[in-house]
Each structure stands twice: as C-alpha cells, then as structure tokens.
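The numbering of the sequence shown is the numbering used here, which starts it at 1 and goes up by one.
Backbone N, C-alpha and C fix where the C-beta goes; we use that ideal spot for every residue, glycine too.
No experiment lies behind these values; they were computed from the predicted model shown.
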Amino acid sequence: MSLSTDEILAMTISGDADVLRVRSALRAEAQRAGLSLTAETKLVTAGSELARNILRYATTRQGLVSIERLDRDGRRGVKAVFSDSGPGIADLDRAMSDGFSTGGSLGLGLPGSRRLVDEFAIESDASGTSVVIAQWSR
Numbered sequence: 001m002s003l004s005t006d007e008i009l010a011m012t013i014s015g016d017a018d019v020l021r022v023r024s025a026l027r028a029e030a031q032r033a034g035l036s037l038t039a040e041t042k043l044v045t046a047g048s049e050l051a052r053n054i055l056r057y058a059t060t061r062q063g064l065v066s067i068e069r070l071d072r073d074g075r076r077g078v079k080a081v082f083s084d085s086g087p088g089i090a091d092l093d094r095a096m097s098d099g100f101s102t103g104g105s106l107g108l109g110l111p112g113s114r115r116l117v118d119e120f121a122i123e124s125d126a127s128g129t130s131v132v133i134a135q136w137s138r
C-alpha cells in the first residue's frame, strides 16, 4: 500500500506481529519519500521502539499508529504518531533521560528514539501517551 501526501495509514498495535507491520509500513513510506537508507533505518528503529513500548507499558497493551507522508517546502518526509490509552508516564523528564526505566529495561528507548529522528514530540497524562516522530529527506 502506498500513501499519497494527503492520506494517513492507521494501524492497531496489539501484538508482536503488529510491530513487524509497523516496521514494514514505515520502511515502505520512507523509501517512497526518498529518505536515505540511514534516515530510513533510524525512522524504522525509532518506530519499532515506540510500538514495543505500547505493548509493554499501555494499560490495555494496545495502541495505534498513524503514518503519513509529508511534503513541506520542497522536502519530503514521513511522520508517525504512536498513541495509547494509559496509564501515562508519571515523570516525563525522567523517562526522557538515559537509564531510567520502570520496566526493568536499559532505559534507552524514549531518549534513543528522540535522538534517531529529525522531529520528536511527546505528551503524556493519566489517559495515555502520544509520541510524534518525523524524518525528512536531505
């Protein structure tokens, strides 16, 4: 499936197979947008981490991702929005620092994802978390 710049692909994340589908969709859209192999790999890696975080930390162990191709000022890119329905991140500043984890991991997922992409935004409250990432062609 290919997106035009005004279409959005929405996918449910509720299991490991969905993480693979997210990775595949991000890779395909990155290639269609003309991202370099490095930019594509960074986008896919960040997206994979965010999808896995939904499975690990969301109350329902499921969430959504929406993927869209971007075209701004002659540059093309890919944006993905990952969202879940809670419980939210109690201390967002700590969660965005290397080494902090409430799940026994290395605590590199969110800060690492932020470093991999060109744009990163996160919002979280008791009703859930939303992370927006974007990667642009050079």
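Contact annotation: residue 48 and residue 19 have beta-carbon atoms nearer than 9 angstroms.
The three-state secondary structure of residue 59, taken from DSSP, is coil. Under the three-state reduction of DSSP output, residue 123 falls in the strand class. Within the region 10–83, the beta strand (DSSP E) runs of at least 3 residues that lie entirely inside it are, in chain order, 63–72. Residue pairing of residue 131 in beta bridges, as defined by DSSP: 82, 122.
Straight-line spacing of the CA atoms in residue 8 and residue 67 works out to 6 angstroms.
If the five residues before and after residue 138 are omitted, its C-beta is found closer than 7 angstroms to the C-beta atoms of 36, all from its own chain and listed in chain order.
Straight-line spacing of the CA atoms in residue 56 and residue 41 works out to 22 angstroms.
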